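In the UniProt record's numbering, the protein residues as written are 1 to 297.
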């Protein structure tokens with residue numbers, strides 16, 4: 001597949017890019033050092049010397065290159081510290097002209113961010129398939145396992161993305177959590193969710209509900225229950241917040257009801273939440289399609 005970037009995909013990592021903003025910097029290196037405080041000036045100079053920073057036409061950029069608002073620059077994202085390998089493997093469930101459907105393991109981020117680059121589902125798939133134009137059309141939290149759908153065709157990408165925006169996708173999750181007594185199942189839980197006091201958590205507040213989940217029981221396991229969850233909305237951490245608010249936080253949830261200290265690379269206690277299935281009417285063929293995870297809690 002031909003590259004749509006002026007820099008090639010490298011070991012599964014496509015180049016990142018940004019447009020230079022409004023502002024006044026004497027040269028490009030001064031802007032980059034201010035824009036990326038975690039990357040040293042020496043590191044940027046080394047990247048430029050290697051030819052790893054270019055403009056949209058593939059022209060090499062130098063530390064002394066003029067800062068020009070609106071210029072699109074490309075570069076490779078690099079990590080200062082080696083990544084800890086995530087010892088769980090994804091599985092491709094389906095692949096066709098338009099879509100790649102994958103069964104994601106716990107702990108594996110979908111896309112590069114923070115301290116994760118190569119140990120992400122997107123980069124692993126790009127290495128496996130040799131395709132740099134893969135794009136996830138929805139996301140799962142790093143802690144959640146299950147079905148994730150990628151687009152591999154830019155021409156049909158928008159029509160599949162719009163399914164999620166229009167909420168015509170049926171998503172089924174499973175969660176292992178304490179047993180909820182004195183409740184008639186199934187039932188629908190609604191609440192208003194907003195960003196919490198810490199940037200990575202959500203919380204409930206008074207007001208018109210903006211989140212909704214249908215909750216049912218699959219089976220009881222002693223004091224724990226395996227629940228079937230159908231989110232009708234897609235708020236961040238919605239299922240985790242809803243079950244925690246009911247007094248039954250998901251087993252091994254390190255965020256709810258209380259955010260615990262980060263366990264970094266500890267993968268011994270996966271969050272017991274699984275994106276079991278995604279189903280929809282295919283917008284191109286009109287066929288009913290369903291993809292199910294092979295994992296279990």
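Glycine is no exception: its CB is placed at the ideal position from the N, C-alpha and C atoms.
Being a predicted model, the structure only gives us computed values, none of them experimental.
Under the three-state reduction of DSSP, residue 191 is assigned to strand. Judged by DSSP in its simplified three-state form, residue 110 adopts coil rather than helix or strand. In chain order, 215, 216, 217 place their CB closer than 8 angstroms to the CB of residue 185, counting only its own chain and leaving out the 5 sequence neighbours on each side. The three-state reading of DSSP puts residue 150 in strand, counting E and B together. Listed in chain order, the non-local C-beta contacts of residue 252 below 8 angstroms within the same chain comprise 269, 270, 271, 272, local neighbours out to five positions each way being set aside. Per the C-alpha coordinates, the member of 177, 243, 137, 266 positioned closest to residue 169 is 137.
The beta carbon of residue 22 is closer than 7 angstroms to those of 69 in its chain, skipping five residues each way along the sequence. With contacts defined as CB atoms closer than 7 angstroms, residue 283 and residue 159 qualify as a contacting pair.
The Cβ atoms of residue 145 and residue 171 lie no closer than 7 angstroms to each other. Sequence-distant Cβ neighbours of residue 42 in its own chain, meaning closer than 7 angstroms and more than five residues away, do not exist here. Judged by pairs of C-beta atoms under 8 angstroms, the segment 227 to 246 does not touch the segment 127 to 135, as fewer than three such pairs exist. In this model, residue 256 and residue 240 are separated by some 7 angstroms (Cα to Cα).
Runs of the beta strand (DSSP E) lying entirely within the segment 54 to 83 and spanning at least 3 residues, in chain order: 72 to 75. Beyond the five residues adjoining it in sequence on each side, residue 115 comes within less than 6 angstroms, by CB distance, of no other residue in the same chain. Counting along the chain, the unbroken beta strand (DSSP E) around residue 289 starts and ends at 288 to 292. Residues of the same chain with a CB within less than 6 angstroms of the CB of residue 135, apart from the 5 flanking positions on each side, are 151 in chain order.
Classified as exposed, residue 19 has fewer than 16 neighbouring CB atoms from the shown chains inside 10 Å of its CB. DSSP places residue 104 in no alpha helix (DSSP H) but in the uninterrupted beta strand (DSSP E) bounded by 99 to 104. Beta-bridge analysis with DSSP links residue 202 to 195. Looking at the DSSP output, residue 281 sits in a beta bridge with 288.
In terms of CA proximity to residue 17, 72 leads the group 33, 26, 72.
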